[in-house]
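Protein sequences appear in the order of chains F and G. The opening position of the first sequence corresponds to residue 1 in the working numbering, with each subsequent residue numbered one higher. The opening position of the second sequence corresponds to residue 404 in the working numbering, with each subsequent residue numbered one higher. We put the CB at the ideal spot given by N, CA and C, even for glycine. Here the structure is laid out as structure tokens; the discussion comes afterwards.
There are 2 protein chains.
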Amino acid sequence: MKYSYISHLSCPKCNKTYDHQEPQQLCTCGSPLLVNYNLDELGKYVSRDSFVGRTASLWRYHEILPVVNEKDVVTLGEGMTPLLPMPVIGDEMDIPNLYMKDEGIIPTGTFKARGAAVGVSKAKELGVTELAMPTNGNAGAAWSLYAARAGIKSTIIMPVDAPKITRNESAISGSNLYLVDGLISDAGKIVAEAVQDFVLFDASTLKEPYRIEGKKTMGLEIAEQLNWNMPDVILYPTGGGVGIIGIYKALTELKQLGWVEGELPRLVAVQAEGCAPIVKAWKEGKAESEFWSDSETVAFGINVPKALGDFLVLEALYQTKGCAIAIEDQSLLQEQKRIAELEGAFICPEGAATFVAARRLRESGWIKQDDVVVALNTGMGIKYPDTVDVEVEVLQKGEILRK
Amino acid sequence: MKYSYISHLSCPKCNKTYDHQEPQQLCTCGSPLLVNYNLDELGKYVSRDSFVGRTASLWRYHEILPVVNEKDVVTLGEGMTPLLPMPVIGDEMDIPNLYMKDEGIIPTGTFKARGAAVGVSKAKELGVTELAMPTNGNAGAAWSLYAARAGIKSTIIMPVDAPKITRNESAISGSNLYLVDGLISDAGKIVAEAVQDFVLFDASTLKEPYRIEGKKTMGLEIAEQLNWNMPDVILYPTGGGVGIIGIYKALTELKQLGWVEGELPRLVAVQAEGCAPIVKAWKEGKAESEFWSDSETVAFGINVPKALGDFLVLEALYQTKGCAIAIEDQSLLQEQKRIAELEGAFICPEGAATFVAARRLRESGWIKQDDVVVALNTGMGIKYPDTVDVEVEVLQKGEILRK
Numbered sequence: 001m002k003y004s005y006i007s008h009l010s011c012p013k014c015n016k017t018y019d020h021q022e023p024q025q026l027c028t029c030g031s032p033l034l035v036n037y038n039l040d041e042l043g044k045y046v047s048r049d050s051f052v053g054r055t056a057s058l059w060r061y062h063e064i065l066p067v068v069n070e071k072d073v074v075t076l077g078e079g080m081t082p083l084l085p086m087p088v089i090g091d092e093m094d095i096p097n098l099y100m101k102d103e104g105i106i107p108t109g110t111f112k113a114r115g116a117a118v119g120v121s122k123a124k125e126l127g128v129t130e131l132a133m134p135t136n137g138n139a140g141a142a143w144s145l146y147a148a149r150a151g152i153k154s155t156i157i158m159p160v161d162a163p164k165i166t167r168n169e170s171a172i173s174g175s176n177l178y179l180v181d182g183l184i185s186d187a188g189k190i191v192a193e194a195v196q197d198f199v200l201f202d203a204s205t206l207k208e209p210y211r212i213e214g215k216k217t218m219g220l221e222i223a224e225q226l227n228w229n230m231p232d233v234i235l236y237p238t239g240g241g242v243g244i245i246g247i248y249k250a251l252t253e254l255k256q257l258g259w260v261e262g263e264l265p266r267l268v269a270v271q272a273e274g275c276a277p278i279v280k281a282w283k284e285g286k287a288e289s290e291f292w293s294d295s296e297t298v299a300f301g302i303n304v305p306k307a308l309g310d311f312l313v314l315e316a317l318y319q320t321k322g323c324a325i326a327i328e329d330q331s332l333l334q335e336q337k338r339i340a341e342l343e344g345a346f347i348c349p350e351g352a353a354t355f356v357a358a359r360r361l362r363e364s365g366w367i368k369q370d371d372v373v374v375a376l377n378t379g380m381g382i383k384y385p386d387t388v389d390v391e392v393e394v395l396q397k398g399e400i401l402r403k
Numbered sequence: 404m405k406y407s408y409i410s411h412l413s414c415p416k417c418n419k420t421y422d423h424q425e426p427q428q429l430c431t432c433g434s435p436l437l438v439n440y441n442l443d444e445l446g447k448y449v450s451r452d453s454f455v456g457r458t459a460s461l462w463r464y465h466e467i468l469p470v471v472n473e474k475d476v477v478t479l480g481e482g483m484t485p486l487l488p489m490p491v492i493g494d495e496m497d498i499p500n501l502y503m504k505d506e507g508i509i510p511t512g513t514f515k516a517r518g519a520a521v522g523v524s525k526a527k528e529l530g531v532t533e534l535a536m537p538t539n540g541n542a543g544a545a546w547s548l549y550a551a552r553a554g555i556k557s558t559i560i561m562p563v564d565a566p567k568i569t570r571n572e573s574a575i576s577g578s579n580l581y582l583v584d585g586l587i588s589d590a591g592k593i594v595a596e597a598v599q600d601f602v603l604f605d606a607s608t609l610k611e612p613y614r615i616e617g618k619k620t621m622g623l624e625i626a627e628q629l630n631w632n633m634p635d636v637i638l639y640p641t642g643g644g645v646g647i648i649g650i651y652k653a654l655t656e657l658k659q660l661g662w663v664e665g666e667l668p669r670l671v672a673v674q675a676e677g678c679a680p681i682v683k684a685w686k687e688g689k690a691e692s693e694f695w696s697d698s699e700t701v702a703f704g705i706n707v708p709k710a711l712g713d714f715l716v717l718e719a720l721y722q723t724k725g726c727a728i729a730i731e732d733q734s735l736l737q738e739q740k741r742i743a744e745l746e747g748a749f750i751c752p753e754g755a756a757t758f759v760a761a762r763r764l765r766e767s768g769w770i771k772q773d774d775v776v777v778a779l780n781t782g783m784g785i786k787y788p789d790t791v792d793v794e795v796e797v798l799q800k801g802e803i804l805r806k
């Protein structure tokens, strides 16, 4: 029995293959690379029941993750986040089987920890000593901290408007942190230059192949938490799109292993009205998206004008008979408040967008009443404190409440 | 088999007993009440192995928790937080078996979620419809959100200086939130008046008996995560002291059940130099602490000048041959940074204090080299963003890193 059944990397565009025992970035054709496993061999030694009683982290699925030696695992205990019933808001929406996969309950408070844990672990295994990446904040925070744990140096560039808390997380880890007076795409250009100039490992979204594998574990967990039944619909806030690509990959692998049956869930890419390139491409039936100019949204994590993996996201939508939908900022902020009041969960604006999307898709009939629906919340609300308006009365010592 | 083996409540001071099927507050003698279980009966139906494969939340221990009907459980997926090896900083301190129990990886980002989950669940079971409490921030945030999930109204009063993020969490839940220009003790006086005036359930620390039971699960998890072996030392940041009381209660119950063997771990109460009433009382060998005037520390959660359960904390220290130690703000902030740089964990100032304490107690020889040591981090660093000083260079679009 092996710790990992990884076999090789391959290009989803030109099918070229690559060795997983060397650091790899993009395919020579410019496409992101995907990880392949010996699923037949894996299936001989591992079953669904193998996971019972294993550690409550994403590493419980190590055979279907890319790290070959357990000693190279860099972990802060990430994964096995709650899959919570949302009965009150589900009742309001007329979706009785509404669940939230809450990715706020994870180190660094967002789902980015998954990609960072697996990406940094594999980088460590391959001997990487210094990496660089652009970020909208949360990924940079996660990669900074996991890199610190691995003893890997990191250079992180984020927009000046990225959430301040992510700046603190990155800074306290000892990362080389820079801000840029622009968008993540502007940060990306500076990183691209720097990795050339200083021979750094480029950990930009999808420019290294292992972040997807970390995100994939959200799909594995949803399946295990639903007792290896597939939900009917999964809604995902979509910026760079790695989460949706990962979940699609996970469920496909589970089907190949014969661990789940039936149709794949319909995947829904949820974007902000102020930055909706995937929605536009999906509506036009296109295979790739176009750069979205002057993008703007309070849901900072999904402000990505053009994703490198857009074609993979769109493929996942087409293959699962899913859809894409854009939500205006005002609605998602209202929903964020509603979820806190009705369900006691203070989620991030990106996550709130998926609930607005569920509400609208139920209204239109696209979601049926008996569908099992999973809305992905990608992070804690407390990482974006400015999305809450607070006016509070100040009492003096000894004062009495008038109520 | 029952869902819970709770039998009754009892007073640790005067031994008076109370019914757990009615809402209870303090004993008539003024002491907090403790929960008792039919451990003999429980032991006939439940073993250590019963927990294998159960949900990764604190409710895996439901038989030894106070909620009688599963339907009354109010959960956001709290518990089974990581117990992480800290090899780099452990090596630096000459404590090779140093672990961190990371209570940042939990809903609302602090250990307060445990007390709120169990306390609110039991309040719901007993028909409570409205509660009130003073808080230093994090407990109020947690109780606001869990109360919202339970459909219970809450009135929360916190100092104006409490961390801003906790204010947002409380506000977004729809709680009746007030600030007070003073300390938690001033907030407590206003709450005490309000619960009389408006007939509210008083959820102040230790004025209701079930919060301890939630905190207790930290002790249960540490035992299970160490494969039912006791550590030698547990260090705990101590304000109200419920965490240390809970852990002591948990380990005592596990001993009675015969699920762990050997000596109880030496419990260490870690306080801030600017607010160290327990340390002072322990040094003087006293059974209770005195009010600490003009208390002040950046570790806001442990700024508690006089804890209602101080005598229970001190008893836990004396019974386990533990100790108490005060840490100055400057040192704990340095340690916070060091842990982020060396171990990739951005922890809260209170948690950082326990690591300074471990370092000092190892230097003095009180901790031995072969001791298994667990430092409790009670929350995420991101809840206190102002504890990080950040100065970051801003680049312009198209600029090149000079490195």
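- Listed in chain order, the positions of the region 345-361 of chain F with a beta carbon within less than 8 Å of a beta carbon of chain G are A345 and F346.
- Following the DSSP letters along the chain, one finds F/Y45 inside the alpha helix (DSSP H) bounded by residues L39 to Y45.
- Within the same chain, and ignoring the five residues on either side of G/Q722 in sequence, the residues whose Cβ sits closer than 8 Å to its Cβ are Y651 and L667.
- Beyond the five residues adjoining it in sequence on each side, G/L479 comes within less than 6 Å, by CB distance, of P510 in the same chain, given in chain order.
- Between the alpha carbons of G/L501 and F/I367 lies a gap of roughly 50 Å.
- Scanning G/L657, G/E627, G/L487 and G/L623 for the CA closest to the CA of G/G446 turns up G/L657.
- Taken atom to atom, the span from the alpha-carbon of F/I64 to that of F/L26 is near 22 Å.
- The beta carbons of F/A132 and F/L200 sit about 4 Å from each other, so the pair counts as a contact at 8 Å.
- Within the region 371-388 of chain F, those residues whose Cβ lies closer than 8 Å to any Cβ of chain G are, in chain order, M380, G381, I382, K383, P385 and V388.
- In the DSSP assignment, G/D505 falls within the unbroken beta strand (DSSP E) covering L501 to D505.
- For a Cβ distance threshold of 8 Å, residue set V795, E796, V797, L798 and L804 of chain G lies close to F/Y178, ordered along the chain.
- Scanning chain F for C-beta atoms nearer than 9 Å to the C-beta of G/P510 yields P82, D102, G104, I105, G344, A345, F346 and M380, reported in chain order.
- The beta-carbon of G/Y549 is placed less than 8 Å from the nearest beta-carbon of chain F.
- Listed along chain G, no residue sits closer than 8 Å to F/L235 by beta-carbon distance, the nearest being about 19 Å off.
- Using beta-carbon distances, G/A606 does not count as an interface residue toward chain F, since no partner is under 8 Å.
- Listed along chain G are P485, L487, D505, I508, E746, G747 and A748, each with a C-beta nearer than 9 Å to that of F/L76.
- Listed in chain order, the alpha helix (DSSP H) elements of length 4 or more contained wholly in the region 581-663 of chain G are 587-601, 614-628 and 645-660.
- By the Cβ rule, the region 525-532 of chain G does not count as touching the region 572-579 of chain G, because fewer than three pairs are nearer than 8 Å.
- Proximity of chain G to F/K337 at the Cβ level (cut-off 7 Å) is accounted for by I575, in chain order.
- Here F/W282 is buried. Its C-beta has 16 or more other C-beta atoms within 10 Å.
- For G/S410, the uninterrupted beta strand (DSSP E) run begins and ends at I409 to S413, by DSSP.
- Within chain F, no residue has its CB atom less than 9 Å from the CB of G/D564, the nearest being about 11 Å off.
- Of all residues in the region 444-463 of chain G, only V455, G456, A459 and S460 place a beta-carbon less than 8 Å from a beta-carbon of chain F.
- Using a Cβ-Cβ cut-off of 7 Å, F/G182 is close to K800 of chain G, given in chain order.
- Among the residues of the region 89-100 of chain F, none has a Cβ less than 9 Å away from any Cβ of chain G.
- Counting C-beta atoms within 10 angstroms of its own C-beta, G/I803 has fewer than 16 neighbours from the protein chains shown and is therefore classed as exposed.
- In the same chain as F/G109, and ignoring 5 residues on each side of it, the C-beta atoms closer than 6 Å to its own belong to G379, M380 and K383, in chain order.
- Residue-level contact check: G/A675 does not touch chain F, since none of the beta carbons of chain F fall below 8 Å from its beta carbon.
- For the pair G/K556 and G/D475, the Cα-to-Cα distance works out to about 16 Å.
- Here the alpha carbons of F/Q369 and F/P96 stand approximately 7 Å from one another.
- For secondary structure counted as the beta strand (DSSP E) over 3 or more consecutive residues, the region 524-567 of chain G holds these complete runs in sequence order: 533-537 and 556-562.
- Bounds of any beta strand (DSSP E) do not take in G/I492; it lies within the alpha helix (DSSP H) bounded by P490 to M496.
- In this model, G/L736 and F/T135 are separated by some 27 Å (Cα to Cα).
- Taking a Cβ-Cβ threshold of 7 Å, the residues of chain G close to F/R149 are E746 and G747, in chain order.
- Contact of G/K567 with chain F by beta-carbon distance below 7 Å involves P385.
- For G/A778, the secondary structure class from DSSP, reduced to helix, strand or coil, is strand.
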